Amino acid sequence: MDGNGRWAKRRGLPRTEGHTAGEENLAEVVRVCASRNVGWLTVFGFSTENWVRPPAEVKHILSLHKQLFGRVEELNANNVRIQWIGRPFDEPGSKTPGFIQKAIVQAIEDTAHNTGMVLTVAFDYGSRAELLRAAQLSLASHQIDQAVSTQEISSHLYAPSLPPVDVVVRTSGESRISNFMLWQIQGAKVYFTERTWPDFDVNEIDRALKLVHAR
Ligand code: FPP
């Protein structure tokens, strides 16, 4: 969800306002995607690298996560089940504060009965951390000379039930791939747009979805 900061800067607003607009837009994107029968929507909410941002910005982004995980009524109205991927709370390096842990656990529980779209929020997530952990867990369950298989790595990812990605969306003119779902995006289409995340609207969603069936 790139470009919150740039969206705010263009309007002469503090970066935090851009993140607030980004969270509001995410709620709208979830609604539209659910209405388009998208099965799985996975968003990069906070990376393992984001902790070094200015403390006030981190605090603000965390409060927006609490807000998003608290949108249970809307999620239920749209039959959306929430799940989370990221460094497990009790793992070395995890910095996830207690109030976010609680919000995540509660949102998962409160939407567990929904049968429609699965919204996966990546929080304290990094693909390299995920793959390192999957490799270590695979090796730990092995005899010394056994080779690790791709199936084993897949089964030790944070959310093994996530299907392969159809389309990666990169907003705000970013033309590179980031530390996001590197294992899962093999073969995915990539939708690049100049639009900043708060301006990523229904027309953009439909253009990205068209790629799913494009050759
Ligand atoms: C990128 O914008 C966005 C983030 C670092 C993550 C925060 C995302 C949100 C608050 C949107 C709502 C999402 C959730 C899950 C609550 P940037 O700061 O990199 O913007 P820039 O690239 O313009 O500087």
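Residue numbers (the numbering used here): 4 to 218. Ideal Cβ positions, reconstructed from N, Cα and C, are used throughout, including at glycine. Treat the numbers as computed from the prediction; the structure is a model and nothing was measured.
Query                                                                                                               : Result
Check whether Leu135 and Leu185 have beta carbons under 9 Å apart                                                   : no
Buried/exposed call for Gly48, threshold 16 Cβ in 10 Å                                                              : buried
beta-carbon Ser38 near ligand 1 non-hydrogen atom, thresh 8 Å                                                       : no
Selected residue, minimal CA-CA separation from Glu31, among Ile107, Thr51, Ala59, Glu77                            : Glu77
Contact set for Val205: own chain, Cβ-Cβ below 7 Å, skip 5 residues either direction                                : Val35
Beta-ladder partner(s) of Phe47, from DSSP                                                                          : Ala125
Cutoff 7 Å; reference Gln187; Cβ partners in own chain excluding five residues on either side                       : Leu165, Pro167, Val168
Contact check, Pro201 vs Gly25, beta carbons under 9 Å                                                              : yes
Three-way DSSP call (helix, strand, coil) for Trp200 in this model                                                  : helix
Closer than 8 Å: Met184 CB and nearest ligand 1 heavy atom                                                          : no
6 Å Cβ shell around Gln189 - same chain, five flanking residues per side excluded                                   : none
C-alpha gap between Phe126 and Val61, whole angstroms                                                               : 12 Å
Which residues DSSP lists as bridging Arg173, in chain order                                                        : Phe195
Outcome for Asn132 when other beta-carbon atoms lying within 10 angstroms are tallied against a minimum of 16       : Correcting the residue type first, residue 132 is Ala in the shown sequence and not Asn. Its Cβ being crowded by 16 or more others within 10 Å, Ala132 is buried.
Heavy atom of ligand 1 within 8 Å of Asp5 beta-carbon                                                               : yes
Nonlocal neighbours in the same chain, by C-beta distance under 8 Å from His145, ignoring five residues either side : Val151
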